[in-house]
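To start, the structure itself, in structure tokens.
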Amino acid sequence: MLRGVWVVTKDNGYVPISRRFPLAERKHRKQSAATAWSCAVPDDVELGSALVEQTKAASEYNNSNSPLYEQVVEVCPRVWPMVVLESSHHLVAVLPLVPQEALTRYEGLKKEAVERGVGLRHHDALASILQPLPSVLLAMEVATGLGRIISGVEKQQVTGNWEETYDKAYQFILDGIPAGVVLETSGESLEVMFNPQSPKNTRRRWF
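The following block contains the structure:
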């Protein structure tokens, strides 16, 4: 289940597409009621700016070979794990609903990194939190699908008018993710995410 899907322009943080799922958000608040993770996702203006800032920082700071640090970010305090993909002049962001246990483990990992005086660079530990979660895999699949729509239509953009592209992407969300529930996934895409040697597409790797 997903808490929200956003498409953000990289140059100014404008959010042309925003789809939040109240049912998933209520579930998140209920399971996190007694913790600091119960905070809500910020409004689109704040979220768009934060996405641009955090993804840029993650890209510049990432000195490892792991795509997790650039494509799964804590975009605002305790808004994690936000799956983010770059597509054309946009960022595609998808926030899955994850169990409180995963959030607690991630908080512990961050605390350990601070105590050691280093950044969050424990790839295996971070992957062990994310990889078993079906909602994270679905978020990756949705981000990949939306990214393909945006990048595919870009080749036909000659006037700079993105409205048709946004309409197509939003329809993808309406048809494929009613109430935050992803109806269909592609096994081939998931294989590519986990297997960097997949002959289908060696450029998309997550873990």
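Under full-length UniProt numbering, the first residue of the sequence shown carries the number 1, and numbering increases by one thereafter. We put the CB at the ideal spot given by N, CA and C, even for glycine.
Query, Result
"Close Cβ partners of Leu23 (< 7 Å) along its chain, the five nearest in sequence each way excluded", "Ala179 and Gly180"
"Contact under 8 Å by Cβ, Val98 with Ser128", "no"
"Rounded C-alpha distance that separates Tyr106 from Thr55", "19 Å"
"Nearest-angstrom Cα separation, counted from Val83 out to Gly187", "Because the pLDDT of Gly187 is 42, which lies under 50, any placement of that residue in the model is unreliable, and the question is left without a value."
"Burial state of Glu70 (16 or more Cβ within 10 Å)", "buried"
"Enclosing alpha helix (DSSP H) for Arg26 [first to last residue]", "Pro22 to Gln31"
"Bridge partners - Val79, DSSP secondary structure assignment", "Cys76"
"CB of Arg3 within 8 Å of CB of Ile173, strictly", "no"
"DSSP state of Gly4 mapped onto helix, strand, coil", "strand"
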